[in-house]
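> In the UniProt record's numbering, the protein residues as written are 1 to 901.
Heads up, the beta-carbon is just placed ideally off N, CA and C, and yes, glycines get one too.
Bear in mind the structure is a predicted one, so any value in this text is a computation, not a measurement.
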């Protein structure tokens, strides 16, 4: 037998284990292990850090009948052999009566003698038969209101229109993903029934646990592993088939609430039959040129200790306790929602105007005071007006706006009258202090379309409402307005930008930078919405800077941007951070109304630094004066490569984007980006007319578009030709060039070559050097853009790797943070790259403990019989949130499904 990757037991350890059921050679018997043995085996498995070329490309599903997929990943047309790899999967025996659904009361203790349950082993047949071939709910609260104003659609319609399905469009998958759409393989199921659901949560769960129904089925020929269904075509993201494939390469551990019970032993028998059947199938189908001696014999173990032993001695391994308490459990959808809510929590974009998500809307609860000015309990942020933006919402009409004005006047009069009645008879109502914010049940609620059509008649339709908002912002007692949407960053963007242009009399590009840079508010605009924004700009923007200077003089000092980002990062660095409060979703657009309490939903990479460090600090202030004097904000905004949105801000100094973002150098300067990491896609393309050395000669090429060979310049299979944009008059536009900015020392570039998004190339060797380069840029005061072609796979992988290192968090946490901050573009690292991150997580955990990458001594003859030393226990603690590969792949698959259908 050649080298075996993954788990490797010493013979002494195996010989020390009790045999529950012997099997003839070459099959392994069923053995019993203790909870201590399992903890050590699991630790060895989690920290094994097996190179990706051991399991890939096999995990792409190359045992199936997808000939296109098999041919793409095979070498010289030959089948890919089964890896000599031993993994580990642990399975809960869910036939035991002790399992509790979550939220149920703890079962009464049952005094069952475990020895009585083990008597069946004495009479067990020593042979096994021969192996043959939550819809959201909405609380409608009736409360007294000073005025009822109705504007059309209900919040339920809004919620439906802003569901994740409407944010993305399904696309056919290819090796080269297309921009701003979902980039994934067609969803595939790991089960023959095409069911993608997983069993409901129960008690007594260890982390990364599987249920039997996810792995094996009973057939006429006996128990079999569930065959993976490989989608047609070539796919790099078959996360849905990882569980059934990985299970056939793994030892199986069975555990149950009561330990070694009859149902647990019966389940172990079923898995033993399935393992032996799979081995026989592989022997029969193995091509003659492959060595069948590499086919491993996999083990089945049964944990003899009850679950209470894990609760007592290994609490870090528990996901859900015996009483149903969630310990190390993580729900990917819930965490994704939480991260999105944190990102889009209400923040001020202009004095009196905030943009947020549905969770920021004040709600009146049953039992709250009906007093219109008792605002502390249910309207702590003090909003007067809430505007919900959703698709096809009606514009607020004139009668509605009149009622709103009367409502505000009535509140002012009521406050003045009530205050004067408590004062002397000679007290004048005009001398009353400004009225306080209203109770949640007296807030005015409007609706506004998230994507107004780009037509001339649209401007007269929206102008009255914008004028109304401006008027309430300049009342003697300024009203506080919340603009919100389901997601908090896409559907509210047009209204937010419009109000900024109207209030500040600024251009559209300036409004973009006010939101993103000055106010620190991330947002997303679809390219097709630029038309209506241009029309709005033409109405509100004014030539010259008089209006803007006046606004600047009256602007309140400071902004929420830096505080918001600093507090968010502090959540992972041990500092207190701002916590968002639960809020509503799907508000009725009636005014006022009460919102609901639900919130909707193997080539080694080479790195090279193309410029030298010319300064100790690469701040924006140092690079700006070097730009040509005639360049203004319209240059980057009118660039054909600008698609309406900025790259995604993941950390205050770290952006994730695509090739167009990297190529638009003036936009990079506008955002303060001073460093660029190009992952497999070279953005250093000389503009037309530049004197560029021709490869292989000493001459230069001028006045022609320069074409770069993909193999030499890392453009991942396609030639990339840069053509200088022109205006309608035929003259060249003034556009930015990253090639020129890097050449002149204004932007530093790290070009990662030889990494294609093909499921073959690996990024793992480059993680450490890339992270060090980004760290150096951060310490110099710079901001970094990481990009590939689309910004969803290779660059997303690098960004996740850096977030893991910088914040000291798990892969799962970093993945969900980056995913939520990519805004309306779904990150999709291919399977091999996501597997790279699993190994990176282990490397980081060891480096935190040992100071460098450290391997456990595999030469120890008795590693399973010893207690983990202090250092390895520290490593284990660092990895207590880590998930094994099949469990992680399944969760990613299920999380993506809701966007792909």
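According to DSSP, is residue 219 helix, strand or coil?
In the structure shown, residue 219 sits in a strand (DSSP, three-state: E or B).
> Applying the criterion that 16 or more other CB atoms from any shown protein chain within 10 Å of the CB defines a buried residue, is residue 68 buried or exposed?
Exposed: under 16 other Cβ atoms inside 10 Å.
> Who are the near neighbours of residue 255 in its chain, counting only those whose CB is closer than 6 Å to its CB and skipping five residues on each side?
Taken in chain order, the residues that qualify are 303.
> Just verifying my parser: in three-state terms, what is the DSSP assignment at residue 715?
With a pLDDT of 37 at residue 715, under the threshold of 50, the modelled position of that residue is not reliable, and the figure given next carries that caveat. Coil, per DSSP.
> If I measure Cβ to Cβ from residue 86 and keep anything under 8 Å in the same chain, skipping five residues before and after, which residues do I get?
Cβ neighbours of residue 86 beyond the five flanking positions: 4, 5, 6, 7, 8, 249, 250, 251, 296 and 298.
> Cα separation between residue 389 and residue 448?
Taking the straight line joining both Cα atoms gives about 5 Å.
> Give a yes or no on whether the C-beta atoms belonging to residue 840 and residue 801 are separated by under 8 Å.
Yes, Cβ-Cβ distance for residue 840 and residue 801 is below 8 Å.
> In terms of alpha-carbon separation, which member of 871, 834 and 872 lies closest to residue 883?
It is 834 whose Cα lies nearest to the Cα of residue 883.
> Can you say whether residue 501 is buried or exposed, counting buried as having 16 or more other CB atoms within 10 angstroms of its CB?
Label assigned to residue 501: buried.
> Figure out for me which residue from 208, 875, 828 and 253 has the closest Cα to the Cα of residue 850.
Nearest C-alpha to residue 850: 875.
> Taking residue 263 and residue 307 to be in contact with their CB atoms under 8 Å, please state how far apart those CB atoms are, rounded to whole angstroms.
That belief does not hold up - the Cβ atoms of residue 263 and residue 307 are roughly 14 Å apart, past 8 Å.
> Go ahead and pull the three-state DSSP assignment for residue 443.
Coil.
> Within its chain, find whatever has a CB closer than 6 Å to the CB of residue 406; leave out the 5 residues flanking it on each side and keep chain order.
Cβ within range, chain order: n/a, list empty.
> Just to confirm, are residue 751 and residue 684 a CB contact at a threshold of 8 Å?
Closer than 8 Å, so yes.
> Helix, strand or coil: which one does DSSP assign to residue 758?
Three-state DSSP puts residue 758 in coil, outside helix and strand.
> Among the residues of its own chain, which have a CB less than 7 Å from the CB of residue 213, if the five just before and after it don't count?
Excluding sequence neighbours, residue 213 sits near 199.
> What does a CB cutoff of less than 7 Å around residue 18 pick up in its chain, not counting 5 residues either side in sequence?
Same-chain partners within the cutoff: 31 and 32.
> Straight-line CA distance for residue 797 to residue 355?
Whole-angstrom Cα-Cα distance: 30 Å.
> Determine whether the beta carbon atoms of residue 903 and residue 79 lie at a separation below 8 Å.
No information on residue 903 is available, as it lies outside the stretch 1 to 901 that the chain covers here.
> What does the Cβ neighbour count give for residue 779, buried or exposed, with the cut at 16 atoms within 10 Å?
Exposed is the call here.
> Go ahead and pull the three-state DSSP assignment for residue 242.
Helix at residue 242.
> Just the C-alpha distance for residue 415 and residue 395, rounded to the nearest angstrom, thanks.
Spanning the two alpha carbons is a distance of roughly 30 Å.
> Using a threshold of 8 Å, state whether the C-beta atoms of residue 332 and residue 816 are closer than that.
Yes.
> On the three-state DSSP scale, how would you describe residue 838?
Three-state result, residue 838: helix.
> Helix, strand or coil: which one does DSSP assign to residue 395?
Residue 395 falls in the coil class under three-state DSSP.
> Hey, could you find the ends of the beta strand (DSSP E) residue 324 is sitting in?
Unbroken run through residue 324: none, as it is neither H nor E.
> Would you decide whether residue 145 is buried or exposed? Buried here means 16 or more other CB atoms lie within 10 Å of its CB.
Because the pLDDT at residue 145 is just 38, under 50, the model does not fix this residue reliably, and the point stays unresolved.
> Quick one: what does DSSP say residue 224 is sitting in, helix, strand or coil?
DSSP places residue 224 in strand when its eight states are reduced to three.
> Please name the residue, chosen from 654, 358 and 351, that lies closest to residue 337 on a Cα-to-Cα basis.
With distances taken between Cα atoms, residue 337 lies closest to 358.
> From the DSSP output, in three-state form, read off residue 541 for me.
Coil, per DSSP.
> Residues in the same chain with beta-carbon distance under 8 Å from residue 119, minus the five sequence neighbours each way, listed in chain order, please.
Because the pLDDT of residue 119 is 37, which lies under 50, any placement of that residue in the model is unreliable, and the question is left without a value.
> Under 8 Å Cβ to Cβ from residue 937, same chain only, skipping five residues before and after it: list those, please.
No answer is possible for residue 937: it lies beyond the span of the chain, which begins at 1 and ends at 901.
> With the cut-off set at 8 Å, would you say residue 349 and residue 521 are in Cβ contact?
Their beta carbons are under 8 Å apart, which means residue 349 touches residue 521 by this criterion.
> So, using beta-carbon positions, are residue 301 and residue 387 closer together than 8 Å?
No, the Cβ-Cβ distance between residue 301 and residue 387 is not below 8 Å.
> Please name the residue, chosen from 219, 247 and 222, that lies closest to residue 903 on a Cα-to-Cα basis.
With the chain represented from 1 up to 901, any question about residue 903 goes unanswered, as that position is not in the structure.
> Does the structure place the region 266 to 278 close enough to the region 12 to 27 that three or more beta carbon pairs sit under 8 Å?
Flag = yes, the region 12 to 27 and the region 266 to 278 touch.
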